[in-house]
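Residue numbers (my numbering): 42 to 291. Don't be surprised by glycine CBs; every beta carbon is placed ideally from N, CA and C. Since the structure is predicted, the reported quantities are computational estimates derived from the model, not experimental observations.
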Amino acid sequence: MVKLKKIGNIKIIICQDKQEVAQEGAKIFAEDTKENPSIVLGLATGETPVGMYQELIRMHKEEGLDFSRVTSFNLDEYVGLSGDHSQSYRYFMDDNLFNHINIDKAKTHVPSGIAEDVSVSCQKYEGDIKAQRGIDLQLLGIGSNGHIAFNEPGSPSESRTREVGLTEKTIKDNARFFENESEVPRKAVTMGIATILEAKKIVLLATGSNKAEVVARAIKSPATTDIPASFLQNHPDCVFVIDQEVANGL
Ligand code: F6R
42 MVKLKKIGNI KIIICQDKQE VAQEGAKIFA EDTKENPSIV LGLATGETPV
92 GMYQELIRMH KEEGLDFSRV TSFNLDEYVG LSGDHSQSYR YFMDDNLFNH
142 INIDKAKTHV PSGIAEDVSV SCQKYEGDIK AQRGIDLQLL GIGSNGHIAF
192 NEPGSPSESR TREVGLTEKT IKDNARFFEN ESEVPRKAVT MGIATILEAK
242 KIVLLATGSN KAEVVARAIK SPATTDIPAS FLQNHPDCVF VIDQEVANGL
């Protein structure tokens with residue numbers, strides 16, 4: 042049984058463990074997709090959403106959850122990695138979700154990490170989101186330094202899709218996905234904080250004791266560029282789905 046809480050604008054769903062976080066997250070995505078089959082989803086990569094994607098795949102296979110009219114936009118991509126690189130976020134999305142559901146791949150968008158002109162490609166990404174009349178439901182994880190997408194501490198609230206440098210902390214955190222730390226790209230293309238905050242509804246998933254402190258600061262400290270996730274306090278429809286280990290920090 043989940044517990045519900047609200048701090049300021051932020052609704053909080055407290056789950057027992059990460060399996061329940063995956064189920065509760067998937068429930069929100071499934072319900073909104075059933076209600077609006079042409080929904081525009083914002084999607085995230087990383088370790089946290091994997092269980093939720095597995096649950097959505099199960100719902101597609103066993104319950105006929107239909108993604109055929111869904112459009113998606115991913116948050117970010119490493120600069121220098123093409124979509125066939127096993128650590129690129131395009132590869133991650135195909136492997137962990139898109140290859141296992143009936144989404145039309147032509148309607149799935151991931152920022153390009155290999156664009157010749159990055160700023161033109163970032164502007165086009167923003168334009169493509171606007172052409173769909175914005176993102177209806179945005180999924181987020183949170184970095185241990187408070188980043189959302191690759192908006193690292195210091196990112197302005199008005200930032201939009203752009204190339205950014207990754208902090209030492211993020212490079213260290215993400216080294217676990219690569220052979221060694223030196224292989225982690227130093228730059229990424231990311232949606233901005235303003236891009237994210239324009240989504241009509243936002244769901245942030247966080248699990249594990251290493252996220253407890255940063256989630257508490259994101260919810261309770263005044264909104265500050267030091268903790269980019271704290272800008273979510275300004276969003277009118279934002280829910281954090283967290284496990285008990287994260288909730289212990291609140
Ligand atoms: C991924 C992303 C990142 C991650 C964050 C947490 O697309 O935008 O902000 O959500 O780094 O990553 P995990 O889930 O691996 O702890």
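Pick from the options that is closest to residue i, judged by C-alpha positions
| i | options | result |
| --- | --- | --- |
| E72 | T89, D177 and L45 | D177 |
| Q285 | K46, C56 and K47 | C56 |
| I183 | D145, I260 and V43 | I260 |
| T236 | K146, L116 and V120 | L116 |
| Q179 | N50, I142 and A67 | A67 |
| Q95 | F70, E118 and Q274 | F70 |
| E204 | Q274, A156 and T74 | A156 |
| E239 | V91, E167, S129 and E193 | E167 |
| I283 | I53, Q164 and G124 | I53 |
| D145 | T112, I234 and L245 | T112 |
| P277 | M42, K47 and V43 | K47 |
| F139 | V159, K210 and H101 | H101 |
Separation of residue j from residue i, as counted between CA atoms
| i | j | result |
| --- | --- | --- |
| N221 | S127 | 14 Å |
| A257 | K213 | 22 Å |
| F114 | N289 | 32 Å |
| L97 | Q64 | 9 Å |
| V81 | V280 | 18 Å |
| P78 | R110 | 6 Å |
| Y132 | Q60 | 24 Å |
| N251 | N186 | 10 Å |
| G175 | K241 | 8 Å |
| A229 | V287 | 27 Å |
| E193 | T202 | 13 Å |
| I51 | G92 | 23 Å |
| V151 | V244 | 19 Å |
| G87 | R227 | 16 Å |
| N215 | I189 | 14 Å |
| Y119 | S223 | 14 Å |
| L273 | G121 | 30 Å |
Residues that residue i bridges to, as DSSP identifies them
| i | result |
| --- | --- |
| D117 | T231 |
| Q179 | G83 and I243 |
| H150 | F114 |
Give the list of continuous alpha helix (DSSP H) stretches no shorter than 4 residues that lie fully inside the segment 184-217. For secondary structure counted as the alpha helix (DSSP H) over 4 or more consecutive residues, the segment 184-217 holds these complete runs in sequence order: 209-215.
Length at least 4, wholly inside the segment 45-101: the alpha helix (DSSP H) runs in chain order: Whole alpha helix (DSSP H) segments, 4+ residues: 59-76.
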